[in-house]
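Line by line, the protein sequences are chains R and V.
The numbering of the first sequence is the numbering used here, which starts it at 1 and goes up by one.
The numbering of the second sequence is the numbering used here, which starts it at 1001 and goes up by one.
Data first, discussion second: the structure below is written as structure tokens.
Protein chains: 2
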Amino acid sequence: MKIAEEKLRQRHLKITPQRLEVLRTVLQMTDHPSADQIYRMVKIRHPTVSVATVYKTLETLVEVGELKVALVTQGRARYDPRVDRHHHFLCSQCGYVEDLEIKLDCLETCFPQALQDRLTIQRSEVIFHGLCPKCDGKH
Amino acid sequence: MKIAEEKLRQRHLKITPQRLEVLRTVLQMTDHPSADQIYRMVKIRHPTVSVATVYKTLETLVEVGELKVALVTQGRARYDPRVDRHHHFLCSQCGYVEDLEIKLDCLETCFPQALQDRLTIQRSEVIFHGLCPKCDGKH
DNA sequence: TCCTAAATAATAATAATTCCTATCTAGTAT
DNA sequence: ATACTAGATAGGAATTATTATTATTTAGGA
């Protein structure tokens, strides 16, 4: 928490009760909460908070590097006519997607036996996030 | 296309112009289109088609194995207080997420140099999709 | 050709997120 | 301590993505 405050200060961002409360909440929740879940938790202690503030705050906390967005892809499902096993590159700016012809057989073997007893794996997918030539300055 | 028709027939699903048009469209589009992009394309040839039909049809085509949903995670962003490099398990039924302590250093080295010239990688993430103990029968 | 279950169109409803704007406040300057 | 101001917030409207509802239509078997 103290580190987070320092990060905000360094970027001349204000240390507001809302920001601290949102961060505290996410740190407490273990199951990778969605914005909505976070909003509902924050509202218990801070009933006047607005959804917009929670979204904005989460964005800010991701920017300063205190949180990460996990498991998301810009809001909408994308369909792929290739049903064989392959992986993807996703441009974090414009959403451009490219199939990657990378063999990653290690994935299956890397998945620990101990976990396989609890978790049944149906498939695995690797997403490389980055910038496509257009969005990257170097064209 | 013929194979897809066969798959539909096997499951006693009707071969409708809408289904064929949606599939043809996705096969033509190279950039992993979203449902909305597909809808707009389909509407050019088939102006009376409805969004709902496109969504339903995409679902059907995924079920019969003609399409895959790429890059998606049940609609909403999930936030993670762990900002270090790690991976995730995602239950495809209930959305339960678990951090995985798997070392996958191969990912970086697997990414071909040739592609690195075009694509700037910011991060990579592996998502293992499957069933959590609760959703899996074996409790 | 007829029949029926399945599929579609049209529209409403829901969910997730972003935008807008008047008001408020953290932190700096006084 | 006080005043000032850029930045932050609340509240609500707007937007986007997706799903549900239902009356009508149709593919494919009898």
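Where a beta carbon is used, it is the ideal one built from N, C-alpha and C, also for glycine.
What residues are listed by DSSP as bridge partners for residue i?
i: residue 1120/V; result: 131/R
i: residue 97/R; result: 90/R
i: residue 126/R; result: 1126/V
Quick check: is any heavy atom of the ligand MN less than 7 Å from the C-beta of residue i?
i: residue 41/R; result: With respect to the ligand MN, the structure offers nothing, as it holds no ligand at all.
Is it buried or exposed for residue i, if we count other Cβ within 10 angstroms and need 16 for buried?
i: residue 41/R; result: buried
i: residue 125/R; result: buried
i: residue 1054/V; result: buried
i: residue 27/R; result: exposed
i: residue 1022/V; result: buried
i: residue 97/R; result: buried
i: residue 132/R; result: buried
i: residue 65/R; result: exposed
i: residue 1068/V; result: buried
i: residue 36/R; result: exposed
i: residue 80/R; result: buried
i: residue 52/R; result: exposed
i: residue 1012/V; result: exposed
i: residue 1141/V; result: In the structure as shown, chain V starts at 1001 and stops at 1139, and residue 1141/V therefore has no counterpart that could be examined.
I'd like the span of the alpha helix (DSSP H) that includes residue i, first residue to last.
i: residue 1069/V; result: Per DSSP, residue 1069/V belongs to no alpha helix (DSSP H); it is in the beta strand (DSSP E), 1068 to 1070.
i: residue 1040/V; result: 1035 to 1045
i: residue 107/R; result: 106 to 110
i: residue 949/V; result: Residue coverage of chain V in this structure runs from 1001 to 1139, which leaves residue 949/V outside it and unanswerable.
i: residue 85/R; result: Where residue 85/R is concerned, there is no enclosing alpha helix (DSSP H), given that its DSSP letter is neither H nor E.
i: residue 1057/V; result: 1051 to 1063
i: residue 7/R; result: 2 to 10
State the start and end residues of the unbroken beta strand (DSSP E) segment that holds residue i.
i: residue 1080/V; result: 1078 to 1080
Worksheet item: Using a Cβ cut-off of 8 Å, which residues of the stretch 122 to 136 of chain R contact any Cβ in chain V, in chain order?
Response: Answer in chain order: 122, 123, 124, 125, 126, 127, 128, 129, 130, 131, 132, 133, 136.
Practice prompt. Taking a Cβ distance cut-off of 8 Å, strictly less, list which residues of the stretch 1033 to 1044 of chain V are near chain R, in chain order.
Written response: Listed by position along the chain: 1033, 1034, 1035, 1036, 1038.
Item to complete: Give the residues from the stretch 50 to 73 of chain R that approach chain V closer than 9 Å (Cβ to any Cβ), ordered along the chain.
Response: Residues of the stretch 50 to 73 of chain R with a C-beta atom less than 9 Å from some C-beta of chain V are 58, 61, 62, 65, 66, 67, 68, 69, 70, 71, 72, 73, listed in chain order.
Worksheet item: When Cβ atoms are compared, which residues of the stretch 1077 to 1088 of chain V fall closer than 8 Å to chain R?
Response: Flagged, chain order: 1077, 1078, 1079, 1080, 1081, 1082, 1083, 1088.
Worksheet item: Mind listing which residues of the stretch 1101 to 1117 of chain V have their C-beta closer than 8 Å to chain R's C-betas, in chain order?
Response: Answer in chain order: 1102, 1103, 1104, 1106, 1107, 1110, 1111, 1112, 1115.
Fill in: the stretch 97 to 113 of chain R / the stretch 1103 to 1114 of chain V touching (three or more Cβ pairs under 8 Å)
Contact holds: three or more Cβ-Cβ distances are below 8 Å.
Fill in: the stretch 51 to 66 of chain R contacting the stretch 2 to 22 of chain R, beta-carbon criterion three pairs below 8 Å
Contact between the stretch 51 to 66 of chain R and the stretch 2 to 22 of chain R is present, because at least three Cβ pairs lie under 8 Å.
Discussion item. If the cut-off is 7 Å on Cβ atoms, which residues from the stretch 1016 to 1030 of chain V count as contacting chain R, listed in chain order?
Written reply: Listed by position along the chain: 1026, 1027.
Worksheet item: On the three-pair Cβ rule with 8 Å, is the stretch 1078 to 1088 of chain V touching the stretch 82 to 96 of chain R?
Response: The stretch 1078 to 1088 of chain V vs the stretch 82 to 96 of chain R: no contact.
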